[in-house]
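For reference, each letter of the sequence shown is one residue, going 104 to 819 in our numbering.
Every residue, glycine too, gets a C-beta built ideally from N, C-alpha and C.
Note that the structure is a prediction, hence the values are computed from the model and not measured.
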Amino acid sequence: MSESAATSAGTVHLRAAEVSVVITTDPEPRILHWGPALADSDIPALTATSTGGVSYSSFDSPRLFPLLASERTGWSGRPALVWHRGGLHSDPAPTRTATHRPDAETVVFSFEDASAEASVELTLRLDRFGILRHRVRVTSTATAGEPLGLVSVRAVVPLPTEVDEILDFTGRWTGERAAQRTPITFGAHVRENRRGRTGHDAAFVTVTGAAGFGFRTGRVWACHTAWSGNLDTAVERLPEGAGVHATALSAGELLLAGEVRLVPGQTYESPETLFVFSADGIDGISARVHEAVRSLPAYPTSPRPLVLNTWEAVYFDHDPERLSELARAAASVGVERFVLDDGWFVGRPDDRSGLGDWTIDPDAWPDGLRGLSDLVHGLGMQFGIWFEPEMLNPDSDLARTHPEWILGTADAQALWRHQLVLDLTQPDVWNHILERMDDVIGTNGVDFVKWDHNRDLHAAVSRASGRPAVHDQVLAAYALMDELRRRHPRLEIESCASGGARVDLGVLAHAQRVWASDTNDPIERQLIQRYTGVLLPPEIVGSHVGPARAHTTHRTASLSFRMVTALFGHAGIEWDITGCTDDEREALRAWSGLYRELRPLLHTGVTVRSDGVDEGALLHGVVSPNRDHAVFAWVRLTPSTSGGAMRVRFPGLDPDASYVVRERTELGSSDLHLVRAPEWMDAPLTASGRLLGEAGLPLPVLNPGSATLIEFTRAE
Ligand code: DGJ
104 MSESAATSAG TVHLRAAEVS VVITTDPEPR ILHWGPALAD SDIPALTATS TGGVSYSSFD
164 SPRLFPLLAS ERTGWSGRPA LVWHRGGLHS DPAPTRTATH RPDAETVVFS FEDASAEASV
224 ELTLRLDRFG ILRHRVRVTS TATAGEPLGL VSVRAVVPLP TEVDEILDFT GRWTGERAAQ
284 RTPITFGAHV RENRRGRTGH DAAFVTVTGA AGFGFRTGRV WACHTAWSGN LDTAVERLPE
344 GAGVHATALS AGELLLAGEV RLVPGQTYES PETLFVFSAD GIDGISARVH EAVRSLPAYP
404 TSPRPLVLNT WEAVYFDHDP ERLSELARAA ASVGVERFVL DDGWFVGRPD DRSGLGDWTI
464 DPDAWPDGLR GLSDLVHGLG MQFGIWFEPE MLNPDSDLAR THPEWILGTA DAQALWRHQL
524 VLDLTQPDVW NHILERMDDV IGTNGVDFVK WDHNRDLHAA VSRASGRPAV HDQVLAAYAL
584 MDELRRRHPR LEIESCASGG ARVDLGVLAH AQRVWASDTN DPIERQLIQR YTGVLLPPEI
644 VGSHVGPARA HTTHRTASLS FRMVTALFGH AGIEWDITGC TDDEREALRA WSGLYRELRP
704 LLHTGVTVRS DGVDEGALLH GVVSPNRDHA VFAWVRLTPS TSGGAMRVRF PGLDPDASYV
764 VRERTELGSS DLHLVRAPEW MDAPLTASGR LLGEAGLPLP VLNPGSATLI EFTRAE
């Protein structure tokens, strides 16, 4: 629970879930501490020690590091606010005018800048999960004249001296959320995203700590901006430090030149940036954020249905007979949601045409999609379809009829997957797409939309306003999702973007699932899911069993390994299972049964990941909140250099509990790279959580591309 107290006239102490954030307002709002919980009785000494000395060749008074850090405040790094009015008033001078406490979790600072005629409202909330949420609102208070041009609006917070390493992410199509570590040096480690969507190479989450922090070890400070457009994140160290702190962490939306120009009375509201501290490594960050995601109003409330998605099964070959057969095969193995991917609308034999014309293809579907939808519903499954609402092909009726609806100046549009972007910021465009989608969803019994976005936005200037429109385009997409869900309250939405290029907490305020990647190769997927899971709980992250030979990598993997990998997500199938052997269907049936059995655990539990296992191996699991039940996957990606079955510790269990430990073999037995498995695997073993967590069990050496599933059940 969050507790908070205004411990002295000018100091606010927010405290929740073993985190403290202490902010003084003297002489202006400044974070004195963000990290492990402090006692209220610590605050006077913290405040009394909140300034450093005066350095040589520096200002004549100690440098401070306020929340609105800028040159005016003595901060020579990336400033919190940059604006101007026609080139004037470019030195923001906001003076605090009020401090509000709307509730115990929140403090709001109001500022006025009389000369720039602007007001600023800075909201900091430490939620019950211990996550510090930062949001800024800037309003033009002028009554006439030049608009207030916003250049940057960032959350800027201090990091402690011990922090000297960054973990963040990059990626590409089919290789999203690839982890990279960087030592902190003097200067700025800047991650700018100008792709107009979150991007395959999104920084995603920036984790900092003392070098070598792991999933289970180290004090770490992390941030993520909940936004699906351009972003700007940096870790910055100046020789003079940041007040009495060593380093600054800053994040926010990246604004394009001229994108936000506030006319009198207009307000810019930043996306929320989340700052997350953990005393227990990256898993501690995940524990906080997963619970926060699970408390979102948009978070799905029903058990996550097992999916079959048609993409890798049929691609654009939408033959109703074939799809009906696929639906029947899906139902026969226990699928609960059948999703018709790209290719159902008119003029769409491939990805070169038709996008934007959301009319059901009368040649393939003379009676509309109702027939298939009825069949799918009759088989006891939900019915989903694919849309790409923000896009159009030049070869479409929409592009031919409304060239003025295309986002971007006419001479600056490079095609990407043969497509262009629709300017959803124009009300006519937004309404047109809404009505088309609403009609298809409403008349065909659609329960689920896979919402794709297959290109970056480049030179995204609205032809209506002549200005960059990424910010408004993101808001328009969110609003479209919300309006469709308002009209169809049971509708669920999956955020997909050429695989996992729109995976962020911004879109998850509106959507119920993300498609993490177009690769269904389990070797690739293990790592993509591991790091997507830093922010997202498994039930939100789509993960499908593909064919034996992965379409994206051409690598072959066993069915067992594909199934174990998909089990740790919102599971599905993306494979033409009408061609499966009886044995394969039987295996899929067993897997769907296991998914249903373990779903209550996997989709509500605590994600844990071990450090210090052999290179090329992973140990990850989910432990139920009461620690009665856990399932771990012991995974081998590449051959082991060592040949022995060594003890590996299982994190997250209750040390005082006794567990029955057993291998779950429904998806196949361990594919051993040993003559004989460790003896304890021959029969269920009883062991304490202490033994399992502190000493561990010898785990078998596996052949690469395989996994062992191990279950822990609290003994009666
Ligand atoms: C990209 C997505 O990531 C795929 O899953 C699939 O939906 C295709 N687009 C369809 O065009």
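Problem set entry | Span of the alpha helix (DSSP H), counted from its first residue to its last, around Glu385 | The identity of residue 385 in the sequence shown is Ile, whereas the question assumes Glu. Ile385 -> alpha helix (DSSP H) spans 384-397.
Exercise. Looking at the structure shown, is Phe318 part of a helix, part of a strand, or coil, going by DSSP?
Worked result: coil
Problem set entry | DSSP-derived helix/strand/coil call for Gln283 | strand
Exercise. For Asp759, which three-state DSSP category applies?
Worked result: coil
Exercise. Since Glu595 sits in a beta bridge, which residues does DSSP pair it with?
Worked result: Phe551
Exercise. Looking at Asp785 and the ligand DGJ, is the gap between the Cβ and the nearest heavy atom below 6 Å?
Worked result: no
For this session: Could you check if Asn534 is buried or exposed, using at least 16 other CB atoms within 10 Å of its CB as the buried criterion?
Result: Taking a 10 Å sphere around the C-beta of Asn534, we find fewer than 16 other C-beta atoms and assign the residue as exposed.
For this session: Let me know if Val804 comes out buried or exposed under the rule of 16 or more other beta-carbons within 10 Å of its beta-carbon.
Result: buried
For this session: Compute the beta-carbon to beta-carbon distance between Glu415 and Trp678, rounded to the nearest angstrom, for a pair I have assumed lies under 8 Å.
Result: 6 Å
Problem set entry | Cβ-Cβ distance between Ser598 and Ala580 below 7 Å | no
Problem set entry | Spatial distance of Glu642 from Asp555 (CA atoms) | 19 Å
Exercise. Helix or strand or just coil, what does DSSP make of Phe664?
Worked result: Helix, per DSSP.
Problem set entry | Start-to-end residues for the alpha helix (DSSP H) that takes in His535 | 530-546
Problem set entry | For Gly437, the residue or residues it bridges with in DSSP | Paired residue(s): none; Gly437 is not in a bridge.
For this session: For the alpha helix (DSSP H) containing Arg590, list its first residue and its last residue.
Result: Per DSSP, Arg590 is one residue of the alpha helix (DSSP H) stretching across 573-590.
Exercise. If you measure from the CB of Gly602, is any heavy atom of the ligand DGJ nearer than 6 Å?
Worked result: yes
Exercise. From Ala604 to Ala401, what distance separates their C-alpha atoms?
Worked result: 20 Å
For this session: From the DSSP output, in three-state form, read off Tyr159 for me.
Result: coil
Exercise. In whole angstroms, what separates the C-alpha of Met104 from that of Asp624?
Worked result: In this predicted model, Met104 has a pLDDT of only 40, less than 50, meaning its place in the structure is not dependable; the value taken from the coordinates is given anyway. Those two C-alpha atoms are separated by around 41 Å.
Exercise. Can you tell which of Ser743, Val709, Ala786, Val738 has its C-alpha closest to the C-alpha of Pro754?
Worked result: Val709
Exercise. From Val310 to Ser144, what distance separates their C-alpha atoms?
Worked result: 30 Å
Exercise. Once you ignore the five residues that flank Ser213 on each side, which residues in its own chain have a CB closer than 6 Å to its CB?
Worked result: Thr200, Ala201, Glu224
Exercise. Cβ-heavy atom distance between Trp414 and the ligand DGJ below 6 Å?
Worked result: yes
Exercise. Is any heavy atom in the ligand DGJ found nearer than 6 Å to the beta carbon of Asp422?
Worked result: no
Problem set entry | Contact set for Ile509: own chain, Cβ-Cβ below 6 Å, skip 5 residues either direction | Leu523
For this session: Mind the definition here: the region 633-642 touches the region 698-712 only if three or more C-beta pairs lie below 8 Å; say whether that holds.
Result: yes
Exercise. Beta strand (DSSP E) containing Ser213: first to last residue?
Worked result: That run of the beta strand (DSSP E) goes 209-216.
Exercise. Ends of the alpha helix (DSSP H) at Arg699?
Worked result: 685-705
Exercise. Does any heavy atom of the ligand DGJ sit closer than 6 Å to the C-beta of Asp386?
Worked result: no
For this session: Run the CB neighbour count on Gln283, radius 10 Å, all protein chains shown included, and call it buried at 16 or more, exposed below.
Result: It counts as exposed.
Exercise. Thinking C-alpha only, which one of Val338, Gly346, Val211 is nearest Phe162?
Worked result: Gly346
Exercise. For Thr198, does the count of other Cβ atoms within 10 angstroms reach 16, so buried, or fall short, so exposed?
Worked result: exposed
Exercise. Mind checking Gly233: buried by the 16 CB within 10 Å criterion, or exposed?
Worked result: It counts as buried.
For this session: List in chain order: all unbroken alpha helix (DSSP H) runs of 4+ residues lying wholly within the region 286-316.
Result: none
Exercise. Anyone know if the C-beta pair for Pro787 and Arg752 falls short of 7 Å?
Worked result: For the 7 Å CB-CB criterion, Pro787 and Arg752 do not form a contact.
Exercise. Taking just the CA atoms, how far does Glu439 sit from Gly483?
Worked result: One C-alpha to the other measures close to 7 Å.
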